[in-house]
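What follows is a short report on a single structure.
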Amino acid sequence: MDSQYLRRTYVDDLGGVRLHARDKEREARPMHDLTATTQERDGPFFSDVVGGLSRVQKTLPCRWLYDERGSDLFEAITRLPEYYPTRAETEILADRASEIAEFAGEDAVVVEYGAGAGVKTELVLDSLCAPQGYVPIDIAEEYLLQTAERMASRFPGLWVRPVACDFVQAFDMPPGIPPGRRIGFFPGSTIGNLDRADAETFLRQMWRHVESGGGAIVGVDLLKDVDVLLRAYDDHEGVTAAFNLNILSRINRELGADFRPERFRHEARWNEADKAVEMHLVSLAEQSVAIGERAFHFRHGETIHTESSRKYDRTGFASVAAVAGWDLAHVWDDSEGRFCVFALVASDDASIHGFPAAA
Ligand code: AVJ
Numbered sequence: 329m330d331s332q333y334l335r336r337t338y339v340d341d342l343g344g345v346r347l348h349a350r351d352k353e354r355e356a357r358p359m360h361d362l363t364a365t366t367q368e369r370d371g372p373f374f375s376d377v378v379g380g381l382s383r384v385q386k387t388l389p390c391r392w393l394y395d396e397r398g399s400d401l402f403e404a405i406t407r408l409p410e411y412y413p414t415r416a417e418t419e420i421l422a423d424r425a426s427e428i429a430e431f432a433g434e435d436a437v438v439v440e441y442g443a444g445a446g447v448k449t450e451l452v453l454d455s456l457c458a459p460q461g462y463v464p465i466d467i468a469e470e471y472l473l474q475t476a477e478r479m480a481s482r483f484p485g486l487w488v489r490p491v492a493c494d495f496v497q498a499f500d501m502p503p504g505i506p507p508g509r510r511i512g513f514f515p516g517s518t519i520g521n522l523d524r525a526d527a528e529t530f531l532r533q534m535w536r537h538v539e540s541g542g543g544a545i546v547g548v549d550l551l552k553d554v555d556v557l558l559r560a561y562d563d564h565e566g567v568t569a570a571f572n573l574n575i576l577s578r579i580n581r582e583l584g585a586d587f588r589p590e591r592f593r594h595e596a597r598w599n600e601a602d603k604a605v606e607m608h609l610v611s612l613a614e615q616s617v618a619i620g621e622r623a624f625h626f627r628h629g630e631t632i633h634t635e636s637s638r639k640y641d642r643t644g645f646a647s648v649a650a651v652a653g654w655d656l657a658h659v660w661d662d663s664e665g666r667f668c669v670f671a672l673v674a675s676d677d678a679s680i681h682g683f684p685a686a687a
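For the sequence shown, this note's numbering begins at 329 and goes up steadily by one.
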């Protein structure tokens, strides 16, 4: 994991913000100012950026792509002709609504990782029989709170408790969750952003969150023709390029850096060893960038690796899930066989779950 910092925010009754003890000093700030905490030079954004740009292969963790503009650009990506995953997954969730409802059972509590704008959540909550609760988890707080509010008004009586945090790090479920079978929901192939070890750690944590007998619905993008994959990450309109480059503007704005985004270009690459599409920002010149006192040097053509989106085949993903304590209940795919949705059940083999609780 890239950062030891973890901010967790539980929103009570969608009215006020209740913060963890270690965040007490921030309690006085209004809700929308929470993002401003990333400006701190000792904050998680700063340490990730400085740490990532200090490596031989410069990197920026992809979670920082999602500030407000980045989240808007990602929503625009999901509507692009080249970006098939969202459409394919939405088709599956809509077509399989009754099977999903049966799988989840009555009175389910949906725990969504990386909730974003929550478009697919509505589909799933609509399919379910009397869902009791919804716990959206996301690091992009503005979107998270909007989504939580929308779901609360769209599904009256639903218990909604957003958790603002980076879900790949260890954290506990908020208190007061209504009884009912917990269903982890991890759509969008976001699991593809994690390497094998982190995917396994994530799946173990989700197991701990839903507890033995709980379920999970996980969207996974499938291996396919490399040209099709690359086009999905390098569209004609340049929306993905803008999404990728936006991280430089965010670093400028929030950390006072002097990146010149026009001196970088977006590139999508296939990494055959990792079976992943990678996004890079390629330096168009030899240049130096300052962040506070620090300077980072770029050779002409040197890149910053900003995201990996790993692609799986069905058996490959099922075996990662199995190692983390999940039994396979269903695999559904779209009509063109591009994407699949796994329905998993948390096995009760306690021996593989020595997972430590969050500190
Ligand atoms: C939201 C992480 C699943 O990897 O396909 C889209 C993000 N990046 N285009 C993905 C993304 C470039 C997306 N995920």
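Don't be surprised by glycine CBs; every beta carbon is placed ideally from N, CA and C. Predicted model, so just to flag it, every value in this text is computed and none were measured.
Counting C-beta neighbours from all protein chains within 10 Å, is the total for residue i 16 or more, i.e. buried, or is it exposed?
i	result
Arg638	buried
Ala364	Confidence in Ala364 is poor, its pLDDT being 42 and thus under 50, which makes the residue's placement too unreliable to answer from.
Lys352	Model confidence at Lys352 stands at a pLDDT of 37, short of 50, so the residue's coordinates are unreliable; what they give is reported in the following sentence. By the neighbour-count rule (16 or more Cβ atoms within 10 Å), Lys352 is not buried but exposed.
Asp676	exposed
His625	exposed
Ala458	exposed
Asn521	buried
Ala671	buried
Pro691	For the chain, the structure presents residues 329 to 687; residue 691 sits outside this window and is missing.
Glu419	buried
Ala356	For Ala356, the predicted model reports a pLDDT of 37, less than 50, meaning its position is unreliable and no value from the coordinates is stated.
Ala349	Low per-residue confidence applies at Ala349: pLDDT is 32, beneath 50, and the placement is therefore not dependable, though the value from the model is reported in the following sentence. Answer is exposed; the Cβ neighbour count stays below 16.
Pro515	buried
Asp500	exposed
His633	buried
Arg581	exposed
Ser616	exposed
Ala525	exposed
Thr366	Note on Thr366: pLDDT 47, under 50, position unreliable in the model; the coordinate value appears next. Answer is buried; the Cβ neighbour count reaches 16.
Gln385	exposed
Ala613	exposed
Ala601	exposed
Glu539	exposed
His564	exposed
His628	exposed
Phe667	buried
Ser426	exposed
Val377	buried
Pro413	buried
Pro490	buried
Tell me the residue span of the alpha helix (DSSP H) that contains residue i.
i	result
Ala422	Pro413 to Asp423
Met534	Arg524 to Val538
Phe402	Glu396 to Ile405
Asn574	Val567 to Leu583
Pro503	Premise fails: Pro503 is in no alpha helix (DSSP H) and is neither H nor E.
Arg622	Note, Arg622: premise wrong, no alpha helix (DSSP H); beta strand (DSSP E) at Arg622 to Phe626.
Ala458	From DSSP, Ala458 is part of no alpha helix (DSSP H); its letter is neither H nor E.
Arg559	Val554 to Ala560
At which residues does the beta strand (DSSP E) containing residue i begin and terminate?
i	result
Ala618	Gln615 to Ile619
Gly380	Element bounds for Gly380: not the beta strand (DSSP E) but the alpha helix (DSSP H), Pro372 to Leu381.
Thr634	Thr631 to Arg638
Tyr441	Val437 to Tyr441
Gly547	Gly543 to Asp549
Gly644	Run containing Gly644: none in the beta strand (DSSP E); it sits in the alpha helix (DSSP H), Arg642 to Val651.
Arg591	Run containing Arg591: none; DSSP gives neither H nor E here.
Ser611	Ala604 to Ser611
Val669	Phe667 to Ala674
Tyr462	Gly461 to Asp466
Leu486	No beta strand (DSSP E) holds Leu486; DSSP gives it neither H nor E.
Trp654	Trp654 to Asp661
Phe495	Per DSSP, Phe495 belongs to no beta strand (DSSP E) and is neither H nor E.
Arg510	Arg510 to Phe514
So does residue i have its beta carbon nearer than 6 Å to some heavy atom of the ligand ADP?
i	result
Asn574	Inclusion of the ligand ADP in the displayed structure is not the case, the ligand content consisting of the ligand AVJ alone.
Practice task
Taking 8 Å as the threshold, find out whether the stretch 619 to 631 comes into contact with the stretch 645 to 652 through three or more Cβ pairs.
Solution key: no
Handout entry: Stretch pair the stretch 401 to 414 + the stretch 571 to 579: three plus CB contacts closer than 8 Å
Key = yes
Problem - the stretch 468 to 488 / the stretch 603 to 612 touching (three or more Cβ pairs under 8 Å) - result: no
Practice task
Could you tell me whether the stretch 646 to 661 touches the stretch 534 to 554, using the rule of 3 or more Cβ pairs below 8 Å?
Solution key: yes
Exercise for the section: Indicate whether the contact test is met: 3 or more Cβ pairs, each with one atom in the stretch 529 to 546 and one in the stretch 466 to 476, closer than 8 Å. Expected result: no
Exercise for the section: Pair every Cβ in the stretch 592 to 600 with every Cβ in the stretch 555 to 562, then say whether three or more of these pairs are closer than 8 Å. Expected result: yes
Handout entry: Stretch pair the stretch 428 to 440 + the stretch 384 to 404: three plus CB contacts closer than 8 Å
Key = no
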